[in-house]
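Please read the structure below before turning to the comments.
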Amino acid sequence: MTNPSEIKNRFHASLEASEARENGFRSRLLAEGARALQPVLGVLTLMSEVLDERDNVHGSITGLDCAIDREDFVTLRAVLSGTSQPEQRIVIKYGPELGGRNLISVSGIGQTYAEKLVAKTHCAASLGRSVGSDLQLDVARAEDLAEVVREMVEAYFVGQAQVPVQHHAGAIEGHARYAVQ
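In terms of numbering that gives the first Met the number 0, the sequence shown opens at residue 0 and continues consecutively.
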């Protein structure tokens, strides 16, 4: 029979080797995911910097760090916090799909902006697919996604800064005219 300390040492060595392989995989995945999500992350970071400037009263964007979730997807969970609207969460994931293709999955942008993203599709193969409320896109569509996210974030924060114009009689004019507070 094998010495008990030799069994323990082998098992420790196996666990350490497995952990090292897993850490290497996760490091490569995080670096690859950060590169793939860079267009979206760049837009959100720039908009966050504007909101972080002195005298800002519009809110903030938080959660701009990429992390690997339990399912081995690189995940960006941006939270838009306004002063007069409920929080808006945008979840963007990057990772391998069955079959080895890498996709970007996005949720929290709403139907209007999802439709805008679909309208920017040049060919059906780059669209990806819709799974529940998530829209899955080919990695090559990251720039299109960044543009749609920029529009959505801008509308979220600009929309809360606008109030309907009131006339002397107190009637509120339609959505066509707004006064900035």
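For each residue, glycine too, the CB sits at the ideal point set by N, CA and C.
| Between the C-alpha atoms of Glu86 and Lys92, what's the straight-line distance to the nearest angstrom? | 19 angstroms
| Alpha carbon to alpha carbon, how far is Gly62 from Gly81? | 14 angstroms
| First and last residue of the beta strand (DSSP E) that includes Gln84? | Note, Gln84: premise wrong, no beta strand (DSSP E); not H, not E.
| task | Check whether the stretch 63-79 touches the stretch 35-53, taking contact to mean three or more Cβ pairs, one atom from each stretch, closer than 8 angstroms. | result | yes
| query | Using a threshold of 7 angstroms, is the CB atom of Glu31 nearer than that to any non-hydrogen atom of the ligand HEM? | reply | This structure lacks the ligand HEM; in fact it carries no ligand of any kind.
| task | In the DSSP assignment, find the unbroken alpha helix (DSSP H) run with Ile103 in it and report its ends. | result | Segment Asn101 to Ser106 is the beta strand (DSSP E) holding Ile103; no alpha helix (DSSP H) there.
| query | Do Ala33 and Val138 have their CB atoms nearer than 8 angstroms? | reply | no
| field | Backbone CA spacing between Pro3 and Gly94 [nearest angstrom] | value | 41 angstroms
| query | Taking C-alpha atoms, which residue in Val56, Ile60, Asn8 and Arg149 lies nearest to Lys115? | reply | Arg149
| task | With distances taken Cα to Cα, identify the nearest neighbour of Thr111 among Val90, Phe24, Ile60 and Met151. | result | Met151
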